[in-house]
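With this note's numbering, you'll find the sequence shown wraps up at 712, consecutive numbering, no jumps. Glycine residues also receive a C-beta, built at the ideal position from the N, C-alpha and C atoms. Keep in mind it's a predicted model, so treat the numbers as computed, not measured. Below: one structure, written as structure tokens.
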Amino acid sequence: MLRFVLSVGLLGCWAGITCAQETITCVESPTGTSSSLYVGNRAPLTPSPLIKLPVGAVHAEGWIGRYLELQRDGLTGKLGTISDWLDKKDNAWLSIGGKAGWEEVPYWLKGYADLAYLLNDEAMIAETKTWIDAILKSQRPDGFFGPGDPNAESGVDIWPNMLVLFLMQSYYEHSGDPAVIEFMTNYFRWVQNYPEKKFLKTYWENSRAGDMLYSCFLLYNHTGDQFLLEVAEKIHRNTADWMQESNLPNWHNVNIAQCFREPATWWMLSQEDAHRWATYNNFWLIRACFGQMPGGMFASDENSRMGYIDPRQGVETCGMVEQMSSDAMLVRITGDPSWADNCEDVAFNTYPAAFMPDFKALRYLTCPNQVVSDSKNHSPGVQNAGPFMMMNPFSCRCCQHNHSHGWPYYVENLWMATADNGLAAVLYNACSVKAKVTDGTEVSIREATRYPFEEQVTLTISTPKSVAFPLYLRVPAWCDGMEIRINGEVRKCSNVDTPTPVSYVRLERTWNDGDCVEIVMPMTLKLRMWQQNKNCVSLDYGPLTFSLKIAERYEKKSSSQTAIGDSHWQEGVDESLWPSFKIYPDSAWNYGLAIGDNPQAFLDQVKIVRHDWPKDQYPWTVDAAPISLTVQGQKIPEWTLDSYGLCSPIPASPVQTAEPTETLELIPMGAARLRISAFPVTK
Ligand SMILES: [Zn+2]
30 MLRFVLSVGL LGCWAGITCA QETITCVESP TGTSSSLYVG NRAPLTPSPL IKLPVGAVHA
90 EGWIGRYLEL QRDGLTGKLG TISDWLDKKD NAWLSIGGKA GWEEVPYWLK GYADLAYLLN
150 DEAMIAETKT WIDAILKSQR PDGFFGPGDP NAESGVDIWP NMLVLFLMQS YYEHSGDPAV
210 IEFMTNYFRW VQNYPEKKFL KTYWENSRAG DMLYSCFLLY NHTGDQFLLE VAEKIHRNTA
270 DWMQESNLPN WHNVNIAQCF REPATWWMLS QEDAHRWATY NNFWLIRACF GQMPGGMFAS
330 DENSRMGYID PRQGVETCGM VEQMSSDAML VRITGDPSWA DNCEDVAFNT YPAAFMPDFK
390 ALRYLTCPNQ VVSDSKNHSP GVQNAGPFMM MNPFSCRCCQ HNHSHGWPYY VENLWMATAD
450 NGLAAVLYNA CSVKAKVTDG TEVSIREATR YPFEEQVTLT ISTPKSVAFP LYLRVPAWCD
510 GMEIRINGEV RKCSNVDTPT PVSYVRLERT WNDGDCVEIV MPMTLKLRMW QQNKNCVSLD
570 YGPLTFSLKI AERYEKKSSS QTAIGDSHWQ EGVDESLWPS FKIYPDSAWN YGLAIGDNPQ
630 AFLDQVKIVR HDWPKDQYPW TVDAAPISLT VQGQKIPEWT LDSYGLCSPI PASPVQTAEP
690 TETLELIPMG AARLRISAFP VTK
């Protein structure tokens with residue numbers, strides 16, 4: 030990786046204001062070793078280049094703000110009233126000895142709570158507190174909490190407890206309630222004393238204990254209690270081995286999306302490069318073997334299987350939200366902005382298509398090439414046997430509850446504090462952020478943009494006084510030639526001609542109230558070839574990947590007949606308010622792109638078409654997408670549905686065809702619930 034040497038450049042100043050020193054450089058990672066304003070890593074942990082701002086510091090606007098409202102009014106906000114797992118009556122998370130409780134309550138609550146805090150919704154905050162109070166109260170003298178019996182001969186499964194630790198951290202960020210610190214300290218004392226022969230012995234907890242390791246370090250950063258470092262070692266020692274050179278402990282998509290980061294988390298204490306590197310190795314291992322497709326994820330319709338690497342394979346909604354959350358954590362741990370690129374890839378190209386536009390139903394599996402989304406059993410074409418492609422409010426009890434943190438965590442990580450007491454725009458979206466800089470001065474920055482549909486981002490700074498601090502702007506991997514203006518004047522980095530992709534531009538200067546930073550990230554068309562999937566291609570424009578526009582026909586069904594077996598309604602729910610949908614194609618989907626031997630000639634003919642911005646601020650549907658492409662393609666008649674009811678495996682490119690060339694419309698992949706986004710090449 031390139032390492033840029035910081036150089037001090039003295040540039041001009043702008044009219045009317047005291048001339049101040051201004052340093053603009055392109056850097057690989059934020060500089061500095063320790064924030065004096067936010068709690069980052071405490072020695073001996075590696076310094077945190079970037080630090081999470083407390084929940085509520087970032088306020089979402091634009092389409093992402095609209096998305097949070099849809100979550101509130103849809104599945105996330107209402108799940109507590111329809112899912113039997115969340116029924117308060119006799120619930121084991123509310124009363125000891127109640128009905129068995131596992132991951133569902135904390136899965137849902139950790140996203141629901143953050144959504145409540147982000148929207149500052151009093152009723153939701155109160156609802157959250159009911160559950161939190163009960164969990165705090167459930168703590169035993171030895172520190173264990175929640176359902177489960179730690180005295181059982183075989184031990185207790187503490188995977189759900191790991192989720193609660195995340196919930197408690199958000200609650201602490203929101204409230205500052207010291208009970209959280211005491212609760213977590215007591216719990217990690219229990220972990221310290223729990224017999225090793227019973228600790229982390231079952232599948233899910235053993236795979237996923239990296240989550241608990243992260244929470245252990247966060248608590249250590251707050252308290253400095255030395256015993257937590259010993260506990261961290263005990264957790265790492267008993268967690269599945271995610272540091273293998275050419276293998277993973279298991280090939281479960283959600284495990285991979287959340288556990289591949291365990292070694293980098295452990296690296297914060299071990300400081301051995303091999304551990305940090307193991308996380309990169311895991312990321313590339315799964316993508317080299319199963320990720321030869323657009324959308325930022327990999328082929329793993331629950332578990333990745335040898336031979337099932339076609340773009341018609343999918344990933345669980347749980348896998349998507351865990352990947353986005355992991356990416357944000359890894360930006361903070363490593364400072365490496367490439368994790369933000371993957372987060373945006375999943376967030377824009379895969380995740381929106383996993384839900385109905387009203388956020389009241391979701392599907393378990395979403396695939397880059399998915400031409401039917403129905404209730405049929407498509408196994409073994411995809412791994413799971415059952416209606417795993419239908420849009421259903423009960424689409425599998427994990428995704429149904431775990432989806433909740435996807436957008437809230439994403440919003441919280443749009444901006445981060447830096448170790449040199451500045452701020453970083455890590456993920457771009459419309460929002461405003463309020464945070465402390467330099468000497469504790471609270472500034473706010475309004476970020477106006479329709480990204481990723483447009484290439485402009487405008488930042489307006491509000492500050493009670495002139496204040497010097499570094500402002501970091503992430504340069505995405507796809508972005509050549511980022512342009513920056515401050516108060517209308519072009520600015521250049523002193524150490525590079527143009528900002529290098531996968532870096533940050535660091536603007537250090539004295540900022541005044543009303544200062545305006547305009548960013549242009551020129552988007553270009555790019556073809557990616559997936560050689561291991563028979564040389565198929567996908568077409569990108571900036572951070573967006575494009576899919577064939579397929580006419581989607583929605584067929585409404587009663588959810589009571591179609592819920593997946595392990596999901597259950599609460600008593601008395603009006604099920605007609607929560608329908609399921611099958612989606613069928615009403616137009617042909619079996620097209621290749623007429624690229625022939627000349628990709629450049631193909632790209633030269635692509636037209637970028639802009640459409641009106643949707644009035645309801647929701648751009649993720651076939652009809653509302655504010656951008657589309659017209660391209661040249663040809664039908665491939667032999668590419669049809671196969672015996673499993675899936676589009677048959679993609680034909681090897683180039684495909685010889687005598688079919689006429691047609692003009693096709695492509696839309697953003699995230700807006701296409703039926704999609705072909707990995708195309709054969711025709712000749
Ligand atoms: Zn799931």
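Starting from the C-beta of residue i, find all residues in its chain whose C-beta is less than 8 Å away, skip the five residues before and the five after it, and write them out in chain order.
| i | result |
| --- | --- |
| T105 | W137, G140, Y141, L144, F388, H432, S433 |
| L82 | Y67, E441, W444, M445, A446, V462, A464 |
| Q168 | F174, F212, N215, Y216 |
| L670 | V400, V401, C676, S677 |
| L74 | F246, Y249, N250, M297, L298 |
| N541 | I46, I490, T492, S495 |
For residue i, I'd like the list of residues in its chain whose CB is within less than 6 Å of its CB, leaving aside the five on either flank, ordered along the chain.
| i | result |
| --- | --- |
| L194 | S244 |
| V34 | Unreliable placement is indicated for V34, whose pLDDT of 34 sits below 50; the coordinate value is still reported in the next sentence. Hits under 6 Å: none found. |
| W233 | W188 |
| K586 | S609 |
| R514 | E547 |
Suppose the cutoff is 7 Å on Cβ atoms and the five residues either side in sequence are ignored; what does the same chain contact list for residue i look like?
| i | result |
| --- | --- |
| A414 | N406, S408 |
| A369 | D356, V360, V455, L456, R503 |
| L258 | Y249, L298 |
| S367 | A506, V531 |
Whole angstroms are fine: how far does the CA of residue j sit from the CA of residue i?
| i | j | result |
| --- | --- | --- |
| D544 | W649 | 33 Å |
| T110 | E202 | 27 Å |
| P643 | D652 | 9 Å |
| P697 | I656 | 7 Å |
| V260 | R266 | 10 Å |
| N516 | D641 | 28 Å |
| C427 | L556 | 35 Å |
| M326 | A317 | 11 Å |
| P397 | G324 | 7 Å |
| S36 | C55 | In this prediction, S36 has a pLDDT of 35, which is less than 50 and means its spatial position is unreliable; what the coordinates show is noted afterwards. Approximately 10 Å, taken between the alpha carbons. |
| P628 | V635 | 11 Å |
| Q412 | Y337 | 9 Å |
| P614 | Y438 | 33 Å |
| R295 | D102 | In the sequence under discussion, the amino acid at residue 295 is Trp, which differs from the Arg named in the question. Rounded to whole angstroms, W295 to D102 spans 39 Å at the Cα level. |
| M419 | A580 | 17 Å |
| G253 | R71 | 7 Å |
| K611 | A382 | 14 Å |
If you follow the beta strand (DSSP E) that residue i is part of, which residue opens it and which one closes it?
| i | result |
| --- | --- |
| S236 | First-last for S236: 232-237, but that is the alpha helix (DSSP H), not the beta strand (DSSP E). |
| C460 | 460-466 |
| Q663 | 656-664 |
| E518 | 518-520 |
| P437 | It is not in any beta strand (DSSP E) - P437 instead sits in the alpha helix (DSSP H) that spans 435-441. |
| T690 | 690-697 |
According to DSSP, which residues form a beta bridge with residue i?
| i | result |
| --- | --- |
| L568 | L556, F575 |
| N120 | K128 |
| F708 | V566 |
| S609 | K586 |
| N332 | H281 |
| R639 | I656 |
| I513 | R520, I548 |
| A446 | I80, L452 |
| C8 | As shown, the chain starts at 30 and ends at 712. That puts residue 8 outside it, with no answer to give. |
| G621 | Q663 |
| H88 | S461 |
| C676 | L670 |
| S29 | Outside the shown range of the chain, which is 30 to 712, sits residue 29, and nothing can be said about it. |
| V344 | T395 |
Got a sec: does ligand 2 put a non-hydrogen atom nearer than 7 Å to the Cβ of residue i?
| i | result |
| --- | --- |
| V534 | Here the bound small molecules are ligand 1; ligand 2 is not part of this structure. |
Tell me the residue span of the alpha helix (DSSP H) that contains residue i.
| i | result |
| --- | --- |
| V401 | First-last for V401: undefined, no H or E at that position. |
| G91 | 91-102 |
| P135 | 133-148 |
| P628 | 628-634 |
| I338 | Careful: I338 lies outside any alpha helix (DSSP H) and carries neither H nor E. |
| T157 | 151-166 |
For the segment 525-551, which segments carrying the alpha helix (DSSP H) assignment without a break, of at least 4 residues, lie completely within its bounds, in sequence order? none
Which runs of the alpha helix (DSSP H) spanning at least 4 residues fall entirely within the segment 184-234, listed in chain order? 188-204, 208-222
Which runs of the beta strand (DSSP E) fall wholly inside the segment 247-304 and span at least 3 residues, in chain order? none
Please list the segments of the alpha helix (DSSP H) lying wholly inside the segment 364-433, counting only runs of 4 or more residues, in order along the chain. 367-378, 426-431
Sequence ranges, beta strand (DSSP E) only - wholly within the segment 448-508, length at least 3: 452-454, 460-466, 470-478, 485-491, 496-504
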